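What follows is a short report on a single structure.
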Amino acid sequence: MTRAQDLAAPLEERRDTICALSSPPGAGVRAVVRLSGPDALAIVRKAFRDEAGESLGTPRRGVVTGEFDDGGGLQPALLLWMPGPGSFTREDVAELHLVGNPHLVDAALSRLHSLGARPATAGEFTRRAFEHGALDLTRAEGILSLVHAAGEAEQRAATALLMGGLDERLVGLRDLIEELRALLEASLDFDENDTGHVPLAQLVELGDHARQALEEATRWEVARHAPEAGAPRVVLAGPPNAGKSSLFNALLERGAARAIPALVDSRAGSTRDARAALVRLGPEAQEVLVVDTAGLEDGTERALSALEGRAQERARLQLDAADLVVGVLDAAGAASAGAEELALPAGTGVLAWNQVDRVGVAADPPAAVAQVPWVATSAVTGAGLEELVDAVLAGLASRGSEGFQVSARHREALAAAHEALTAGLAELAQGAPLDLVAEGLRAATVALDGITGRTTPEDLLDRIFARFCLGK
Ligand SMILES: Nc1nc2c(ncn2[C@@H]2O[C@H](COP(=O)(O)OP(=O)(O)O)[C@@H](O)[C@H]2O)c(=O)[nH]1
Ligand SMILES: [Mg+2]
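Residue numbers (our numbering): -4 to 467.
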């Protein structure tokens, strides 16, 4: 999906109505085109008729069945009408559910644009939701991470965030710190013998609670997205004999790894347990954990032995844990196989169309599997390996690493908050002037507010939302 280079104008100027395809591009059962803004209904009204052929009027919140006039003809359409503020963006939102044909969808989008809806920039719906207080920045980042998630572990990590796991912890924590600060400031006005003075022990106890809550939030964030020693996991997977182990060895050789090469054999089933090696790839020698797996036999009629079954299970565990899956297919064998036998593993981010040296004139992979970036390779001649490495690094940069970036931002700010809070509390215990202590607490609050988006600088917000896809 496309990413926008930059975001639209600042909020004050952004009260126009935006529109974009919100479902994945390409053919599908349905396509969802979303509009958000004050003119959403007025714009849709000009091109939509209900089942009885009547103009729309002011519908009640919900679904209207009808047809959409894209200028070139009518299309069946469902209108989902969600007036603000009870919508995702808190603005008036209209969703058109259309037949998932790219040409029809393009025609519908052009019509909406000509009727006055501006094409949305990447992440603009989510940004409006954020700016209208419908969600905090961590939930928005959860949406972002989910879009880019590779593998189930990443998806879970993103979902935990988007369900508010971090924000809820930080809200409670912020309240504690603010309460402490208020007590400190109240104490400033009294001297120790006054009745208004809050005893030190009570302040210290409250401070301890805050610190514990902060440490709990940090533990939650770390557990949510375990950094796995940093190196992303790239899993080679595909049917038996495609050349996964041969590519694994070729990558080991290029990546100056000291691991011992994997077994390669012309008989299927030579790889059982998954093998992993840390290699350095690309011009910047990025560390990557490359994993070789047993061949997947999804559609096989053959009864698998217990050991083969367990080997497959292991391969699937690796697929789930992958930051990027490199699907490997045999270009020579696949040419004669039916599309269903090609069975590219789920979650494939890059396809190695391997063994091209065995094909006289190398044919491109069939459309069914060429949906992802693909590279023609030969583990024997080394052809295409450099391009494969480039594709892997590009795939990692755009997918699996997203969640890590988000988590790294949170951890950095949590660490800053912790530092400020513990410094403030140490001063409190040592009897330092209370305004100094309050200053430390304020710094902790500022760090937390940067995470949830209360006080995140505009340019950082721009960078975060620009990483979203169009239509999100
Ligand atoms: N000609 C040619 N043979 C290959 C290539 N890659 C793998 N092979 C051969 O295909 C067979 C299966 O390779 P292997 O790496 O064990 O496949 P795996 O089952 O996917 O791990 C072996 O005989 C390899 O030598 C290639 O790019 N070109
Ligand atoms: Mg193998």
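Every residue, glycine too, gets a C-beta built ideally from N, C-alpha and C.
Since this is a predicted model, take the numbers as computed values, not measurements.
Measuring CA to CA, which of the options is closest to residue i?
i: G277; options: E381, V94 and L431; result: E381
i: L468; options: G95, G66, E174 and A358; result: This structure does not reach residue 468, given that the chain is present from -4 up to 467, and the question cannot be answered.
i: L346; options: A412, A389, R275 and E308; result: A389
i: Q281; options: F125, R228, T376 and A144; result: R228
i: T343; options: R353, A365, A327 and G328; result: A365
i: E200; options: A421, G377 and T451; result: A421
i: A155; options: L429, E292 and H220; result: H220
i: R275; options: R253, T12, A289 and E303; result: R253
i: L312; options: A298, V283 and P340; result: P340
i: L429; options: E46, L178 and A26; result: L178
i: L291; options: G160, A301, A338 and L302; result: A338
i: A410; options: E211, E279 and A112; result: E211
i: L74; options: T116, F120, A26 and G67; result: A26
i: C464; options: E49, I138, T12 and V59; result: I138
i: G478; options: A310, A112, A251 and A408; result: An answer regarding residue 478 cannot be provided, because it is not within the stretch -4 to 467 covered by the chain.
i: R404; options: R10, A72, L161 and R106; result: L161
i: R19; options: A418, R214, H143 and E216; result: Checking the sequence, you will find Pro at residue 19 rather than Arg. Of the candidates A418, R214, H143 and E216, the one whose C-alpha sits nearest the C-alpha of P19 is H143.
Can you list, in chain order, the residues of its chain whose CB lies under 7 Å from that of residue i, leaving out five sequence neighbours each side?
i: D454; result: none
i: A362; result: none
i: A412; result: L209, A439, A442 and L443
i: A257; result: S240, F243, N244, T266, R270 and D287
i: L383; result: A347, V370 and T372
i: A103; result: V28, F63, D65, Q70, L91 and L93
i: E303; result: G264
i: T451; result: L132 and G445
Near residue i, which residues of its chain fall below 8 Å by C-beta distance, leaving aside the five closest residues on each side in sequence?
i: L110; result: I38, K41 and A42
i: H127; result: P80, T84, R85 and E86
i: A124; result: F83, T84, R85, L130 and A135
i: H108; result: C14 and P114
i: L319; result: A145, P227, R228, V229, V230, G344, V345, V387, G390, L391, R394 and G395
i: A148; result: D315 and A316
i: E174; result: L201
Pull up the CB-CB distance for residue i and residue j, whole angstroms please, since I reckon it's below 8 Å.
i: L69; j: E62; result: 5 Å
i: V399; j: G118; result: The displayed chain sequence assigns Phe, not Val, to residue 399. That pair is no contact at about 19 Å.
i: L231; j: V321; result: 5 Å
i: V100; j: S31; result: In fact, because the Cβ distance is near 18 Å, the residues do not count as touching under 8 Å.
i: P78; j: A22; result: No, P78 and A22 are not in contact; Cβ-Cβ is about 31 Å, not under 8 Å.
Heavy atom of ligand 2 less than 7 Å from the Cβ of residue i, yes or no?
i: K239; result: yes
i: D293; result: no
i: S265; result: yes
i: D287; result: yes
Output needed for residue i: all residues of its chain with C-beta closer than 6 Å, excluding positions within five of it in sequence on either side, in chain order.
i: S140; result: A153, E397, G398 and V401
i: A224; result: Note that A224 scores a pLDDT of 48, beneath 50, so its modelled location is shaky and nothing firm can be said.
i: P368; result: V345 and A386
i: A306; result: R267 and A289
Using only the heavy atoms of ligand 1, determine whether one of them is closer than 7 Å to the beta carbon of residue i.
i: N96; result: no
i: D352; result: yes
i: S373; result: yes
i: P340; result: no
i: G290; result: yes
i: V259; result: yes
i: P235; result: yes
i: V370; result: no
i: V323; result: yes
At the 8 Å Cβ level, is residue i part of the contact set with chain C, yes or no?
i: E173; result: Chain labels in this structure do not include chain C; a single protein chain is all it has.
Can we count residue i as close to ligand 4, meaning its CB is less than 7 Å from some heavy atom?
i: L132; result: With respect to ligand 4, the structure offers nothing, as its ligand set consists of ligand 1 and ligand 2.
Meets three-Cβ-pair contact criterion under 8 Å: the region 165 to 184 and the region 438 to 445: yes
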